[in-house]
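Written out below as structure tokens is the structure these notes cover.
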Amino acid sequence: MIITDYLNIDDLLTEEHKLIRTSIKNWVNKEVKPIIDEANQKHEAIHSLTKQMGELGALGSFIPEKFGGAGLDQIAYGIIMQELERGDTSIRSTASVQSSLVMYPIFEFGSEEQKIKFLPKLAKGELIGSFGLTEPNHGSDPGAMETKFIDKGDYYLLNGAKMWITNAPICDLAIVWAKNEHGKVKGLIVERGMQGFTTPETHKKWSLRASSTGELVFDNVKIPKENLLPNISGLKGPMMCLNSARYGIAWGVLGAGFDCFNTAVQYSLERKQFNRPIASFQLTQKKLSEMLTDLTSAQLMALRVGQLKEEGKVTPSQISMVKRNNVNIALKVARESRQILGAMGISGDFPIMRHMMNLESVITYEGTHDIHLLITGFDITGIASFK
Ligand code: TGC
Ligand code: FAD
Numbered sequence: 299m300i301i302t303d304y305l306n307i308d309d310l311l312t313e314e315h316k317l318i319r320t321s322i323k324n325w326v327n328k329e330v331k332p333i334i335d336e337a338n339q340k341h342e343a344i345h346s347l348t349k350q351m352g353e354l355g356a357l358g359s360f361i362p363e364k365f366g367g368a369g370l371d372q373i374a375y376g377i378i379m380q381e382l383e384r385g386d387t388s389i390r391s392t393a394s395v396q397s398s399l400v401m402y403p404i405f406e407f408g409s410e411e412q413k414i415k416f417l418p419k420l421a422k423g424e425l426i427g428s429f430g431l432t433e434p435n436h437g438s439d440p441g442a443m444e445t446k447f448i449d450k451g452d453y454y455l456l457n458g459a460k461m462w463i464t465n466a467p468i469c470d471l472a473i474v475w476a477k478n479e480h481g482k483v484k485g486l487i488v489e490r491g492m493q494g495f496t497t498p499e500t501h502k503k504w505s506l507r508a509s510s511t512g513e514l515v516f517d518n519v520k521i522p523k524e525n526l527l528p529n530i531s532g533l534k535g536p537m538m539c540l541n542s543a544r545y546g547i548a549w550g551v552l553g554a555g556f557d558c559f560n561t562a563v564q565y566s567l568e569r570k571q572f573n574r575p576i577a578s579f580q581l582t583q584k585k586l587s588e589m590l591t592d593l594t595s596a597q598l599m600a601l602r603v604g605q606l607k608e609e610g611k612v613t614p615s616q617i618s619m620v621k622r623n624n625v626n627i628a629l630k631v632a633r634e635s636r637q638i639l640g641a642m643g644i645s646g647d648f649p650i651m652r653h654m655m656n657l658e659s660v661i662t663y664e665g666t667h668d669i670h671l672l673i674t675g676f677d678i679t680g681i682a683s684f685k
């Protein structure tokens with residue numbers, strides 16, 4: 299018995315949404331699930347699947363078909379993220395960085411030439427992108443970034459470093475946010491092979507072990523002028539990208555959460571202690587009931603925010619609320635599910651510990667749990683408490 303839709307939320311979806319879900323789910327079952335534990339155990343990233351995600355339409359699903367995207371709506375984007383993260387957060391991270399943090403800014407802020415040059419190849423997974431906002435000294439406060447570029451007439455000269463960047467070591471191009479000589483944040487497309495651009499890998503992670511994470515280091519990198527994103531200025535540029543990615547995460551973590559919950563239900567029905575299935579104990583049923591209630595409320599929030607986003611009515615604070623709430627619920631579900639499995643909960647024979655460790659990154663990246671709480675506090679009171 300697999301429970302994924304306690305309140306018949308399917309009735310609110312279109313046939314197309316359901317078909318997309320089935321196709322991504324089947325692909326995850328066939329291509330991701332069989333290899334994902336070993337990849338995590340060995341701390342090996344699974345880039346080989348990126349092109350297949352492109353064929354499935356999972357990269358830039360909301361980008362118009364004219365530029366190689368699938369031209370799908372925001373709910374479809376959420377469903378794709380959910381099904382990918384049911385497999386593993388690493389695969390969802392690749393799809394959400396590529397879609398929301400690389401293709402989205404090129405589509406929204408880029409020139410026609412940049413869109414034609416990069417978007418179709420990114421949609422196919424022929425090019426892999428990364429997004430550089432966080433720096434060694436600036437995570438929650440990206441507005442204080444130190445990476446900067448100066449206008450040298452024929453080109454821009456870029457110096458600085460970004461840290462904790464998903465897919466940095468394998469990226470073909472990076473969307474890099476840096477300040478110009480007037481202190482304005484601008485977006486640059488930095489391409490692999492540009493002299494002075496290096497991408498050292500970050501090792502020894504206990505989370506997102508099947509994802510490649512690293513730095514973007516710029517040592518006097520000459521950036522051609524046509525690689526500046528012309529149609530955006532200020533911190534709101536990267537923040538708009540984050541709105542899209544944070545929304546996708548709110549759906550993605552439902553996949554991880556339900557995978558943990560269903561594993562725990564199954565195990566509790568089969569595992570016997572004191573001559574009874576552990577599912578028969580009231581304390582186990584309390585855990586399962588609370589988990590399903592929380593996951594169902596998280597589903598409804600994701601769907602409603604998706605509807606508002608599709609209608610162009612969503613606010614960044616609403617997205618902060620759903621990102622924070624849903625990641626928190628998924629992580630709580632992972633921790634409770636692990637307890638239900640007892641010692642087996644820490645084994646790679648089950649997905650729970652892997653999801654739990656991954657979610658420890660998700661609760662921090664794209665804005666920490668506490669930063670999103672403060673964004674909600676700001677929305678309620680009109681007083682920014684983070685500075
Ligand atoms: P603040 O003064 O509030 O704002 C500066 C300008 O930005 C605008 N803005 C937004 N615009 C659109 N959407 C949003 N969500 C926005 N948030 C802010 C704001 O209106 C203002 O515009 P303007 O025109 O008036 O200049 O900025 P602040 O310096 O006080 O910082 C605010 C704060 C703390 C909320 C924000 O910076 C923040 O959210 N910090 C968290 C940083 C973060 O989320 N980093 C994520 C890095 S990327 C990542 O983690 C990818 S993981 C990928 C994966 O593997 O899936
Ligand atoms: P800090 O900002 O140093 O925060 C540390 C603690 O202090 C947190 O608990 C935080 O909530 C708290 N804190 C900070 N300020 C306040 C305040 N004003 N009030 C109260 N508490 C506060 N970044 C990218 O740009 N691109 C990527 O692709 C990317 N991928 C990532 C992948 C992984 C696996 C991870 C782990 C991170 C990734 N990040 C990426 C970085 C991520 O966005 C940052 O880690 C995150 O924004 C937090 O920054 P920080 O780690 O520097 O923590």
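Here this note's numbering = 1-based position in the sequence shown + 298. Backbone N, C-alpha and C fix where the C-beta goes; we use that ideal spot for every residue, glycine too.
Open item on the list: According to DSSP, F516 sits in a beta bridge with which residue or residues?
Closed with: G458 and F495
Task: N-terminal and C-terminal residue of the beta strand (DSSP E) that G430 is part of - done: G427 to G430
- [ ] For E524, I'd like the list of residues in its chain whose CB is within less than 8 Å of its CB, leaving aside the five on either flank, ordered along the chain.
- [x] S409, E411 and Q412
Open item on the list: Output needed for L399: all residues of its chain with C-beta closer than 7 Å, excluding positions within five of it in sequence on either side, in chain order.
Closed with: F429, I473, C539 and A543
- [ ] Taking 8 Å as the threshold, find out whether the stretch 624-643 comes into contact with the stretch 506-521 through three or more Cβ pairs.
- [x] no
Open item on the list: Short of 6 Å in beta carbon distance, which residues of its chain neighbour C345, apart from the five on each side in sequence? Order them along the chain.
Closed with: Note that residue 345 is His in the sequence shown, not Cys. Around H345: I468.
Open item on the list: Just list the residues that DSSP pairs G665 with in beta bridges.
Closed with: Answer is none; G665 lacks a bridge partner.
TODO: Counting only the same chain and skipping the five closest in sequence on each side, list residues whose C-beta sits under 8 Å from that of G352.
DONE: A421, K422, G423 and E424
Open item on the list: According to DSSP, simplified to helix, strand and coil, what is E411?
Closed with: helix
Task: DSSP three-state assignment for I301, whether helix, strand or coil - done: coil
Task: Collapsed DSSP secondary structure at K503 in the structure displayed - done: coil
Open item on the list: So, under 8 Å CB-CB, M401 and T432 are touching, yes? Tell me the CB distance rounded to an integer number of Å.
Closed with: About 20 Å separates the two Cβ atoms, so there is no contact after all.
Task: Beta-carbon gap between H653 and R622 smaller than 7 Å - done: no
Open item on the list: Pop quiz: D386 and A508 are said to be a contact at Cβ under 8 Å. What is the actual Cβ separation, rounded to whole angstroms?
Closed with: 6 Å
Open item on the list: On a Cα-Cα basis, can you pick out the residue from I521, I404 and I414 that is closest to G451?
Closed with: I521
Task: Selected residue, minimal CA-CA separation from G427, among I377, I404, T312 and E329 - done: I404
Open item on the list: What I want to know is whether the C-beta of T348 ends up closer than 6 Å to one or more non-hydrogen atoms of ligand 1.
Closed with: no
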